[in-house]
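Following: one structure in structure tokens, then a few remarks.
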Amino acid sequence: MYLQKLEIQGFKSFATKTVLEFPPRKKGGRSITAIVGPNGSGKSNVSDAMRWVLGEQSLKLLRGKKSEDVIFSGSQKRARLGFAEVSLYLNNEDKTAPIDYEEVVLTRRLYRSGEGEYLINRNKVRLSDVVLLLAQANFGQKNYSIIGQGMVDAMLLASPTERKEFFDEATGVEQYQIKRDQAISKLKASQENLKQATLLLEEIEPRVKSLARQMKKLEERSNREQELKEIQKKYYSYQWKNLTGKLGERDEKAGPFLIQKKELEESVKVIEEKLKKLEKEQPQVDSFRSFQGEYEKLFEEKNHLREKAMMIKNKIEFSKQIIISRPAALSIAEIETKLQDFFRKYESFVEKLFSAKEKNNIGEIEDEAKAMKEDLKMFIDKFKAPEKKEIVPKTDPALEQELLKISGEIEAINRSLTDVQIKIENFNKQQEVERKSFFDLQRTLQEKQRELYSISSKINEIQVENAGLKARKEDLEREIGQELKDFSLLNVAGEATFDPSWQEQILRLKRQLELIGGIDPEVEKEYGEASVRYEFLRNEINDLNQAVVSLLKIIKELDEIIKKQFDSAFHKINDEFGKYFKILFGGGKAQLNIRREVLVPKEEAVSAEGYGEPRAASVNGFGESKNEEIVGVEIEATPPGKKLKNINMLSGGERALTSIALLSAIISNNPAPFIVLDEVDAALDESNSLRFANIFDELIEKTQFILITHNRATMQKANTLYGVTMEADGVSRLLSLKLEEAEKVVKS
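Residue numbers are given in UniProt numbering: position 392 of the sequence shown equals residue 392, and the series is strictly consecutive.
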């Protein structure tokens with residue numbers, strides 16, 4: 001597993017979304033990325049972001065006072081943001097993390113309101129889920145994989161107990177300790193639940209016994225009640241059958257009358273609807289008026305066509321009867337011209353005549369008619385001469401055709417007039433039939449109403465008799481409801497015969513029930529609930545005892561794994577510590593010592609811890625003793641040429657080199673997927689910086705490094721370099737350079 005990418009948005013000085021990529025080293029081994037920049041540029045905020053997304057809860061380590069201090073607080077040129085979000089993209093192709101994804105994306109988000117969330121591959125999870133997953137991937141909660149400013153000294157100057165927690169992560173046992181802590185938590189809860197369940201069982205047991213005695217008495221009463229109910233069922237079934245039989249006879253008697261009444265009511269309803277329909281005469285008058293209007297319109301149209309046809313006939317006849325004389329001064333052509341002019345005037349006059357007739361304004365064209373008559377007379381007089389010859393001009397075919405068309409239209413109108421006249425005659429006949437039907441229906445209605453009144457009287461008599469029987473039936477129903485409670489228990493078919501002893505048996509059983517006395521009906525429910533609760537607690541106690549045994553076994557197994565792995569890893573780290581100490585110091589000696597304390601055994605009763613409590617006794621070194629627990633780790637360091645062993649006596653540079661030697665030993669033995677070193681080389685001089693840088697040549701084969709540094713020797717080991725700057729708006733920005741590619745460019 002290794003870190004592929006880091007996304008930061010709204011976290012501290014990184015207001016805008018910033019992406020840092022960590023490509024693998026092309027020359028082999030894991031990558032080294034150096035992050036550089038002036039003081040105050042925000043480069044250490046990168047390591048803070050990594051620490052925060054890995055679940056860090058300490059505000060001190062995050063260099064803040066409040067949780068919202070990690071959200072960009074704004075500047076004079078930039079408004080503050082409402083949330084911070086950091087995402088780590090981890091390559092998991094080797095399945096270091098036990099999750100079925102080749103890429104694991106860890107995301108942490110915090111809002112200014114105080115609400116926060118953790119996500120694994122965009123799915124919301126709990127902090128504990130993140131911590132366990134990281135522990136399984138060899139990340140610790142107090143993560144030695146991110147060493148910040150001041151943590152180098154703190155590692156050495158910490159108490160042995162505090163160092164023990166650090167070495168729990170360094171030796172890879174933290175994931176088992178998390179499981180052990182969870183098992184102990186469950187064990188304590190199981191023990192407490194077992195205690196509470198036992199107390200509850202002891203508390204309810206007397207009540208369960210008391211309820212059992214009452215249940216026995218209740219069963220006896222239930223048997224008597226059941227016997228009483230069986231006799232009451234027979235008694236009331238007979239009474240019910242007898243009464244319902246009488247009611248049935250009355251209903252059967254009334255049945256034919258009711259059918260006859262219904263038929264008469266339907267007949268009356270039908271007759272009344274017919275009368276109402278006949279009374280609606282207005283739509284029929286409207287129909288008659290419609291026929292009459294249609295007839296008048298057709299008749300008027302026929303007259304109009306007749307007048308038009310007469311005019312055309314006159315025009316044709318006039319053309320045929322003109323006698324033309326041949327004076328010397330007039331030629332045939334002139335006569336024809338005169339006639340055509342006259343016909344045009346005549347046609348114009350006819351059109352004006354029809355228009356004036358429609359407007360009822362004939363007087364306007366009387367003068368024009370007189371003038372045309374005078375012109376016609378003068379024209380005819382010119383042809384009266386001694387020599388006469390009858391000339392018959394040719395008839396106009398258009399006039400003949402128009403006359404034929406009008407004759408056809410007149411015939412069609414005549415047919416329509418005949419149809420309308422037939423409709424009017426049929427209407428008059430229908431009116432006469434409907435008037436006779438109306439009076440006949442009125443007489444029938446009166447007869448039906450008299451019959452209906454007679455039948456209703458007979459039905460009323462039967463209903464009065466039924467009313468008395470129904471009152472008795474209601475009384476019986478109430479009595480049955482009081483005695484049997486459930487009406488469905490009644491045998492509606494009834495008993496065939498009546499047994500006089502039924503009433504005596506009912507009285508005897510009721511007296512016995514009085515002697516038994518009343519028992520709270522809730523007893524059965526309470527007994528059932530108490531019994532269920534009692535059995536539940538017994539089963540719960542049994543399950544809890546098994547859980548306690550199982551959890552103790554798990555804790556013991558985890559203790560053995562932790563002890564075995566811690567001791568094995570600690571020996572290796574101790575050897576590597578001495579090795580790297582000599583490399584960095586050019587000699588000298590350093591070692592780690594385990595501090596153990598003997599446990600005081602407890603009673604063999606169930607224990608949450610399982611091994612008792614420690615007492616004031618200690619054993620140094622690596623020797624083992626029964627019932628011992630590791631409570632601390634001590635460090636001895638002697639630089640070359642000195643006799644000091646107490647690390648508090650070392651100088652600042654010596655402490656830095658010692659811490660680096662210890663850190664290198666841990667990485668060599670149990671490397672985290674990536675290591676972040678934040679200016680751990682700040683106190684080193686040039687020669688020691690070179691020794692420190694050379695160590696990476698070996699460690700790079702085991703893990704990935706992200707270095708925040710000012711040291712040139714350290715920078716030279718990086719294959720990717722990020723520069724962090726801060727603009728006037730208070731926002732950190734990145735510049736990146738892939739040194740391997742730059743080196744190729746320079747060489748080419």
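For glycine and all other residues, C-beta sits at the position ideal for the given N, C-alpha and C.
Cut-off 7 Å between Cβ atoms - residues of its own chain near residue i, not counting five sequence neighbours on either side
i      : result
VAL731 : SER13, ALA15, THR16 and ARG78
GLY652 : ALA683
GLU227 : LEU509
ALA617 : With a pLDDT of only 34 at ALA617, under 50, the local geometry of the prediction cannot be trusted, and the value read off the model is given with reservation. Once the five neighbours on either side are set aside, the close Cβ partners of ALA617 are GLU597 and VAL598.
Status (buried if at least 16 other CB within 10 Å, exposed otherwise) for residue i
i           : result
residue 755 : This structure does not reach residue 755, given that the chain is present from 1 up to 748, and the question cannot be answered.
ALA605      : Confidence in ALA605 is poor, its pLDDT being 39 and thus under 50, which makes the residue's placement unreliable; the coordinate value appears in the next sentence. Exposed, by the Cβ-count rule.
ARG655      : buried
GLY148      : buried
ALA665      : buried
GLN196      : exposed
SER736      : exposed
ASN648      : exposed
TYR453      : exposed
THR107      : buried
MET1        : buried
ILE178      : buried
SER222      : exposed
residue 751 : No answer is possible for residue 751: it lies beyond the span of the chain, which begins at 1 and ends at 748.
ILE700      : buried
Beta-carbon gap between residue i and residue j smaller than 9 Å
i      : j      : result
ASN670 : ALA170 : yes
GLU85  : LEU59  : no
TYR238 : LEU484 : no
LEU187 : ILE555 : yes
GLU679 : ALA713 : no
ASP69  : LEU61  : no
ILE594 : PHE577 : no
THR709 : PRO38  : no
LEU509 : ILE231 : yes
ALA173 : TYR722 : Before going on, a small fix: residue 173 reads as Val here, not Ala. The answer is no: Cβ separation not under 9 Å.
MET50  : SER659 : no
PHE22  : ASN45  : no
ARG538 : LEU201 : yes
PHE438 : LEU275 : yes
LEU313 : LEU403 : Checking the displayed sequence, the identity of residue 313 turns out to be Lys instead of Leu. Yes, these two residues count as a Cβ contact at 9 Å.
PRO673 : ALA137 : yes
ARG224 : GLN482 : no
Sheet register partners of residue i (DSSP bridge)
i      : result
ILE120 : LEU106 and ASN123
TYR453 : In the DSSP output, where bridge partners are listed per residue, TYR453 has none listed.
ALA590 : ALA637
ASP678 : ILE708
ALA34  : LEU707 and LEU721
TYR89  : LYS5 and VAL105
LEU20  : LEU6
TYR111 : PHE83
LEU735 : GLY723
VAL629 : At residue 629 the sequence reads Glu, which differs from the Val that was named. GLU629 is bridged to GLU597.
ASN646 : GLU636
PHE11  : PHE14 and ILE71
Same chain, Cβ closer than 8 Å to residue i, five either side skipped, listed in chain order
i      : result
ARG126 : TYR118
PHE257 : ILE455, LYS458, ILE459 and ILE462
LYS302 : ILE410, ILE413, ASN414 and LEU417
SER407 : ALA309
ILE695 : TYR580, ILE583, LEU584, ILE660 and SER664
GLN446 : none
ILE506 : LEU228, ILE231, GLN232 and TYR235
Sequence-distant residues of its chain with Cβ nearer than 6 Å to residue i (five each side left out)
i      : result
MET89  : In the sequence on display, residue 89 carries Tyr and not Met. Correct list, in chain order: GLN4, LYS5 and VAL105.
ARG25  : SER31 and ASN719
LEU662 : PHE577
LYS297 : none
PRO386 : Unreliable positioning characterises PRO386 in this predicted model, as indicated by a pLDDT of 46, which lies under 50. A coordinate reading is not provided.
SER668 : GLU576
Within-9 Å CB hit, residue i to chain B
i      : result
ILE455 : Absent here is chain B; the protein component of the structure consists of one chain.
message: With three or more C-beta pairs closer than 8 Å as the rule, is the stretch 99 to 110 touching the stretch 120 to 135?
response: Enough Cβ pairs lie closer than 8 Å, so yes.
task: Please confirm if the stretch 126 to 142 is in contact with the stretch 46 to 62, defined as three or more CB-CB distances below 8 Å between the two stretches.
output: Under the Cβ criterion (8 Å, minimum of three pairs), the stretch 126 to 142 counts as touching the stretch 46 to 62.
query: Is the stretch 509 to 521 close to the stretch 218 to 238, with three or more CB pairs under 8 Å?
result: Yes: the two stretches touch, three or more of their Cβ pairs being nearer than 8 Å.
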